[in-house]
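Beneath this line is the structure, given in structure tokens, with notes to follow.
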Ligand SMILES: Nc1ncnc2c1ncn2[C@@H]1O[C@H](COP(=O)(O)OP(=O)(O)OP(=O)(O)O)[C@@H](O)[C@H]1O
Ligand SMILES: [Mg+2]
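Residue numbers (our numbering): 5 to 228.
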């Protein structure tokens with residue numbers, strides 16, 4: 005599903021954000037990317053969704069080579085990825101349902117089916133009572149659930165979430181992580197960055213990618 009060989013990412017200003025990354029991720033894997041602020045977690049996710057391109061090495065995501073010369077295919081590939089990123093903010097002035105449906109445009113789904121899938125996604129994240137609420141009237145945690153519904157309504161095979169717990173309190177943060185990991189199945193991998201390692205201590209059957217100054221260490225926890 006993901007294969008990185010000797011991948012580096014150097015930003016235009018010369019910052020070497022990722023150095024010689026080797027990583028293989030299979031369908032059905034739950035992956036936590038951890039590491040201090042500035043270590044390269046978001047940069048790694050950006051490579052996986054094609055918001056940045058590798059400077060060195062080779063990266064394949066869902067069998068596509070993630071490089072500039074492959075942009076047309078990468079645009080298609082993105083339809084199979086569900087991103088939960090700060091960069092993809094919800095649209096104010098629109099309801100939760102409208103926001104989720106906007107994430108499903110261009111997928112070629114019939115409008116009626118799109119609405120039904122969007123409603124189901126909002127139910128799945130526990131927001132059936134807020135379907136018609138404007139997103140700016142939601143709490144941060146509720147808005148994050150809408151963002152998750154928007155990501156999963158398109159039935160992605162790869163879910164990428166960047167710091168999805170923000171600064172939620174412990175209980176709500178755990179709930180968000182449990183919600184996200186509930187979308188893992190035999191075809192679907194879930195990848196989550198967090199610097200809140202206390203939230204994921206002892207999680208079984210997961211892959212931990214520890215990032216330190218752009219270098220990674222991969223540890224797989226035992227199956228629980
Ligand atoms: N567009 C950019 N141009 C130049 N440098 C960048 C850019 N984006 C990130 N960086 C730098 O790359 C390094 C890795 O940043 P990144 O955002 O991946 O860290 P992070 O692990 O996600 O941190 P945080 O936990 O604070 O979100 C940092 O040194 C950062 O300053
Ligand atoms: Mg980050």
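Glycine included, C-beta positions come from ideal geometry on N, C-alpha and C.
Cβ shell of residue i (< 6 Å), same chain only, five flanking positions each side left out
{"i": "residue 162", "result": "85 and 193"}
{"i": "residue 45", "result": "37, 39, 197 and 215"}
{"i": "residue 191", "result": "31 and 161"}
{"i": "residue 108", "result": "118, 157 and 158"}
{"i": "residue 225", "result": "208 and 210"}
{"i": "residue 4", "result": "Given a span of 5 to 228 for the chain in the structure shown, any question on residue 4 remains unanswerable."}
{"i": "residue 195", "result": "35 and 164"}
Spatial distance of residue i from residue j (CA atoms)
{"i": "residue 42", "j": "residue 83", "result": "28 Å"}
{"i": "residue 146", "j": "residue 158", "result": "19 Å"}
{"i": "residue 179", "j": "residue 188", "result": "15 Å"}
{"i": "residue 124", "j": "residue 73", "result": "37 Å"}
{"i": "residue 144", "j": "residue 81", "result": "29 Å"}
{"i": "residue 174", "j": "residue 182", "result": "12 Å"}
Contact with chain C by residue i, beta-carbon distance below 8 Å
{"i": "residue 18", "result": "The structure shown contains no chain C, having only a single protein chain."}
Beta-carbon contacts of residue i that lie in its chain and below 7 Å, excluding the five residues immediately before and after
{"i": "residue 59", "result": "12, 13 and 14"}
{"i": "residue 101", "result": "122, 123, 126, 135 and 136"}
{"i": "residue 111", "result": "83 and 158"}
{"i": "residue 68", "result": "74, 77, 78 and 81"}
Minimum C-alpha distance to residue i - residue among the options
{"i": "residue 202", "options": "219, 224 and 169", "result": "169"}
{"i": "residue 200", "options": "50, 166, 208 and 218", "result": "166"}
{"i": "residue 89", "options": "71, 50, 217 and 205", "result": "50"}
{"i": "residue 65", "options": "9, 101, 212 and 177", "result": "9"}
{"i": "residue 121", "options": "154, 174 and 219", "result": "154"}
{"i": "residue 57", "options": "67, 22, 96 and 175", "result": "22"}
{"i": "residue 104", "options": "182, 75 and 138", "result": "138"}
{"i": "residue 55", "options": "213, 164, 206 and 34", "result": "164"}
{"i": "residue 24", "options": "61, 6, 106 and 5", "result": "61"}
Extent of the continuous alpha helix (DSSP H) to which residue i belongs
{"i": "residue 47", "result": "45-53"}
Segment limits, beta strand (DSSP E) that includes residue i
{"i": "residue 62", "result": "60-65"}
{"i": "residue 162", "result": "162-166"}
{"i": "residue 215", "result": "211-216"}
{"i": "residue 104", "result": "That residue, residue 104, is in no beta strand (DSSP E); its alpha helix (DSSP H) goes 100-106."}
{"i": "residue 129", "result": "No beta strand (DSSP E) contains residue 129, which DSSP labels as neither H nor E."}
Ligand 4 heavy atom lying under 7 Å from the CB of residue i
{"i": "residue 165", "result": "Judged by which ligands are present, ligand 4 is missing from the structure shown, whose ligands are ligand 1 and ligand 2."}
Contact the region 129-136 vs the region 147-158: 3+ CB pairs below 8 Å: yes
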